[in-house]
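Student:
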Amino acid sequence: MTLQVGVLGYRFMGKAHANALARLPMFFPDAPAVERDVLIGRDEEALADAAERFGFSRTATDWRDVIDEVDVFYNLGPNHIHAEPSIAALEAGTPVFCEKPLAPTLEEAEEMAAAARDADVPAGAAFNYRYVPAIQYAKNLIDDGELGEIRHVRGRYLQDWLADPEAPWAWRMDEDLAGSGALGDLGSHTVDLARFLVGDQQGELDRVSGHCRTFVDERPVEGDDETRPVTVDDAYSAQASFEGGAMATFEASRFATGHKNDHTIEINGSKGSLKFSLERLNELEVLREGDRGYETVLVTDESDPYVEHWWPPGHVLGWEHTFVHENYEFLTAVAEGGEASPNFEDGLAAQRVLDAIERSDQTGEWVDIERA
Ligand code: SOE
1 MTLQVGVLGY RFMGKAHANA LARLPMFFPD APAVERDVLI GRDEEALADA
51 AERFGFSRTA TDWRDVIDEV DVFYNLGPNH IHAEPSIAAL EAGTPVFCEK
101 PLAPTLEEAE EMAAAARDAD VPAGAAFNYR YVPAIQYAKN LIDDGELGEI
151 RHVRGRYLQD WLADPEAPWA WRMDEDLAGS GALGDLGSHT VDLARFLVGD
201 QQGELDRVSG HCRTFVDERP VEGDDETRPV TVDDAYSAQA SFEGGAMATF
251 EASRFATGHK NDHTIEINGS KGSLKFSLER LNELEVLREG DRGYETVLVT
301 DESDPYVEHW WPPGHVLGWE HTFVHENYEF LTAVAEGGEA SPNFEDGLAA
351 QRVLDAIERS DQTGEWVDIE RA
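In UniProt numbering, the protein residues as written are 1 to 372.
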């Protein structure tokens, strides 16, 4: 059976996922067959152009008209439209793949996770960085006990696209549309990676102290004389603890001059350590027990996660491959009736951390993170 996929959103994420769907039959022959059926958006002209370029059969300007007609629904729109269409799809028994952060608010994330619990179909949260081969390699090292007991997790996600105060206003700067700023957009990735990598050993993050800051609170609207307020954070930092006792520090900024898309994570355990940087995503720096320094492991061998599907050793992969891998896993779960990973519960768990960081920033106190 060919899965008919409906995709809401045709800009950055629409392009990334459409590319992944197009690559699947070529590189993952055991992936379920999919048809890029319907592309959903509001601007008819832009939509028609995107549908042609991305290989979709048709378009729709209202998700309500097609949600019952597709086998899988991808929600790649801005954060404020994650909840309603995703919940409607789940209630119709349609599997959903939703971009991160799961929702603008904890309340909506809870409603989405509740809808996913009630539905008997996969509900996936699109945290693509779990699907970098070097990150999967790191997870295997930690699970095999190579790092011993984890003591520290240090994650930061740095960008600089807002350092210029004249950079134009966008939906990502509006609390009603995005929920939060660097915190939700970038911090959700780091929190998810931390949970993914050490959560099996350390449990959930349980306490947090957070700090958020907006440096420029008004921005020009492109092609207009108007300005609009920035109602989200430009940067955040937080310190946190895991139930198992490990300490974590997290940071993200859209004002980190010189950093374009710099996501790093470092983990120190009682026996060893590892360091990963998205700017060198084919590598993992590993320090094992007894070593005097870090060894740089090139994670491009055929035995490394997902690599056998691509090129011979040393022929490096890129950012877009993470989308192919996550689409492969999600669609396989759909076709085989399995569980999506990460799922809406993971999206909700990350959202609980983001919400606690904001509350801590407001009160100036450490905050306990809500439990499931
Ligand atoms: C924001 O600038 C952004 O595009 C995020 O929305 C993505 O999730 C991240 O992968 C890259 O940066």
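Each residue gets a CB set at the ideal place from its N, CA and C atoms; glycine is no exception.
Note that the coordinates shown come from a computational prediction; the quantities given were computed from them, not determined experimentally.
Quick check: the region 111-126 against the region 23-34, are there 3 or more CB pairs under 8 Å?
Tutor: no
Student: DSSP has residue 152 in a bridge; who is on the other side?
Tutor: Within the sequence shown, the letter at position 152 stands for residue 152. In DSSP, residue 152 forms a bridge with 247 and 268.
Student: Return the chain-ordered list of same chain residues with a C-beta closer than 7 Å to the C-beta of residue 42, the five sequence neighbours on each side being excluded.
Tutor: Here residue 42 refers to the residue found at position 42 when the sequence shown is read from its first residue. The answer, listed in chain order, is 61.
Student: Given residue 287, which residues of its chain have a CB within under 8 Å of its CB, disregarding the five upstream and five downstream residues?
Tutor: Here residue 287 refers to the residue found at position 287 when the sequence shown is read from its first residue. If the five residues before and after residue 287 are omitted, its C-beta is found closer than 8 Å to the C-beta atoms of 272, 273, 274, 293, 294 and 295, all from its own chain and listed in chain order.
Student: Hey, residue 239 and residue 270: beta-carbon distance below 7 Å or not?
Tutor: Along the sequence shown, read from residue 1 onward, the residue named residue 239 stands at position 239. Along the sequence shown, read from residue 1 onward, the residue named residue 270 stands at position 270. No.
Student: Beta carbon of residue 330, beta carbon of residue 112: below 7 Å?
Tutor: Taking the sequence shown and counting its residues from 1, one reaches residue 330 at position 330. Taking the sequence shown and counting its residues from 1, one reaches residue 112 at position 112. Not in contact: residue 330 and residue 112 (Cβ atoms no closer than 7 Å).
Student: So what does DSSP say about residue 309, is it helix, strand or coil?
Tutor: Against the sequence shown, residue 309 aligns to sequence position 309. In the three-state scheme derived from DSSP, where H, G and I count as helix and E and B as strand, residue 309 is classed as helix.
Student: Using the three-state DSSP reduction, which class does residue 344 fall into: helix, strand or coil?
Tutor: Taking the first residue of the sequence shown as position 1, residue 344 is located at position 344. It is helical.
Student: Considering only heavy atoms of the ligand SOE, does any lie closer than 6 Å to the CB of residue 185?
Tutor: One-based indexing of the sequence shown puts residue 185 at position 185. Set against 6 Å, the gap from the CB of residue 185 to the closest heavy atom of the ligand SOE is smaller.
Student: Using 8 Å as the Cβ pair cut-off and three pairs as the minimum, do the region 153-172 and the region 251-265 touch?
Tutor: Contact holds: three or more Cβ-Cβ distances are below 8 Å.
Student: Please determine, among 48, 187 and 195, the residue with the shortest C-alpha to C-alpha distance to residue 139.
Tutor: Here residue 139 is taken as the residue at index 139 of the sequence shown, counted from 1. Nearest option by C-alpha distance: 195.
Student: Tell me, to the nearest whole angstrom, how far the beta carbon of residue 76 is from that of residue 7; I am working on the premise that it is less than 8 Å.
Tutor: Position 76 of the sequence shown, counted from the start, is the residue given in the question as residue 76. Position 7 of the sequence shown, counted from the start, is the residue given in the question as residue 7. So it is a contact: roughly 6 Å between Cβ atoms.
Student: Just list the beta strand (DSSP E) runs in the UniProt domain "GFO/IDH/MocA-like oxidoreductase" (135-274), keeping only unbroken ones of 3 residues or longer that don't cross its boundaries, in chain order.
Tutor: 150-158, 205-213, 218-220, 227-229, 235-242, 247-253 and 262-269
Student: Starting from residue 33, trace the alpha helix (DSSP H) in both directions and tell me its first and last residue.
Tutor: The residue given as residue 33 occupies position 33 in the sequence shown. Boundaries for residue 33: no alpha helix (DSSP H) harbours it, and the DSSP string shows neither H nor E there.
Student: Quick check: is any heavy atom of the ligand FMN less than 6 Å from the C-beta of residue 73?
Tutor: With respect to the ligand FMN, the structure shown offers nothing to examine, as its ligands consist of the ligand SOE.
Student: How should residue 311 be labelled, buried or exposed, when 16 other C-beta atoms within 10 angstroms of its C-beta is the threshold for buried?
Tutor: As a position in the sequence shown, residue 311 is number 311, starting the count at 1. Label assigned to residue 311: exposed.
Student: Just to confirm, is the Cβ distance from residue 231 to residue 218 under 7 Å?
Tutor: Position 231 of the sequence shown, counting from 1, holds the residue named residue 231. Position 218 of the sequence shown, counting from 1, holds the residue named residue 218. Not in contact: residue 231 and residue 218 (Cβ atoms no closer than 7 Å).
Student: Is the beta carbon of residue 72 sitting closer than 7 Å to the one on residue 5?
Tutor: Taking the first residue of the sequence shown as 1, we reach residue 72 at position 72. Taking the first residue of the sequence shown as 1, we reach residue 5 at position 5. Less than 7 Å divides the Cβ of residue 72 from the Cβ of residue 5.
Student: Under a Cβ-count criterion, where at least 16 other Cβ atoms within 10 Å of its own Cβ denotes burial, should residue 17 be classed as buried or exposed?
Tutor: Reading the sequence shown from its first residue, position 17 is the one you call residue 17. It is buried - the Cβ of residue 17 has at least 16 other Cβ atoms within 10 Å.
Student: So what does DSSP say about residue 21, is it helix, strand or coil?
Tutor: Sequence index remark: in the sequence shown, residue 21 carries index 21 (1-based). Helix, per DSSP.
Student: Here's the rule I'm using: 16 or more other beta-carbon atoms within 10 Å means buried, otherwise exposed. How should residue 336 be labelled?
Tutor: Here residue 336 corresponds to residue number 336 of the sequence shown, with the count starting at 1. Here residue 336 is exposed: its Cβ has fewer than 16 other Cβ atoms, across all protein chains shown, within 10 Å.
Student: Assign residue 362 to one of two classes, buried (16 or more other C-beta atoms within 10 Å of its C-beta) or exposed (fewer than that).
Tutor: For the purposes of this step, residue 362 is taken as the residue at position 362 of the sequence shown. Residue 362 comes out exposed.
Student: Have a look at residue 160 and residue 254 and give me their C-alpha separation to the nearest angstrom.
Tutor: As a first step, residue 160 must be located in the sequence shown, where it is residue number 160. As a first step, residue 254 must be located in the sequence shown, where it is residue number 254. Answer to the nearest angstrom: the Cα atoms are 5 Å apart.
Student: Counting pairs of beta carbons, one from the region 184-204 and one from the region 244-259, are three or more of them closer than 8 Å?
Tutor: The region 184-204 is in contact with the region 244-259.
Student: To which residues does DSSP link residue 73 through a beta bridge?
Tutor: In the sequence shown, residue 73 corresponds to position 73, counting from 1. 6 and 96.
Student: Taking the beta strand (DSSP E) that residue 297 falls in, what are its first and last residues?
Tutor: Along the sequence shown, one-based indexing puts residue 297 at 297. Taken as a continuous stretch (DSSP letters only), the beta strand (DSSP E) holding residue 297 covers 295-298.
Student: Tell me which residues share the same chain as residue 134 and place their Cβ nearer than 7 Å to its Cβ, disregarding the 5 neighbours each side in the sequence.
Tutor: Position 134 of the sequence shown holds residue 134. Within the same chain, residue 134 has close Cβ partners 276, 281, 282, 283, 284 and 299.
Student: On the three-state DSSP scale, how would you describe residue 38?
Tutor: Position 38 of the sequence shown holds residue 38. Looking at residue 38 - three-state DSSP - the assignment turns out to be strand.
Student: Residue range of the beta strand (DSSP E) that residue 50 falls in?
Tutor: The sequence position of residue 50 within the sequence shown is 50, counting from 1. Here residue 50 belongs to no beta strand (DSSP E); instead the alpha helix (DSSP H) covers 44-54.
Student: Since residue 342 and residue 127 are thought to touch, with beta carbons under 8 Å apart, how far apart are those beta carbons, to the nearest angstrom?
Tutor: Here residue 342 corresponds to residue number 342 of the sequence shown, with the count starting at 1. Here residue 127 corresponds to residue number 127 of the sequence shown, with the count starting at 1. Beta-carbon to beta-carbon, residue 342 and residue 127 are separated by about 5 Å, close enough to satisfy the 8 Å threshold.
Student: Round the Cβ separation of residue 100 and residue 347 to the nearest angstrom and send it over; I've been treating them as touching at under 8 Å.
Tutor: Working through the sequence shown from its first residue, we reach residue 100 at position 100. Working through the sequence shown from its first residue, we reach residue 347 at position 347. Confirmed, Cβ separation roughly 7 Å.
Student: What first and last residue would you give for the alpha helix (DSSP H) that runs through residue 322?
Tutor: Within the sequence shown, residue 322 is the residue found at index 322, counting from 1. Note, residue 322: alpha helix (DSSP H), 319-336.
Student: Taking only the alpha-carbon atoms, compute the straight-line gap between residue 48 and residue 39 and give it to the nearest angstrom.
Tutor: Mapped onto the sequence shown, residue 48 falls at position 48. Mapped onto the sequence shown, residue 39 falls at position 39. Taking the straight line from one Cα to the other gives about 9 Å.
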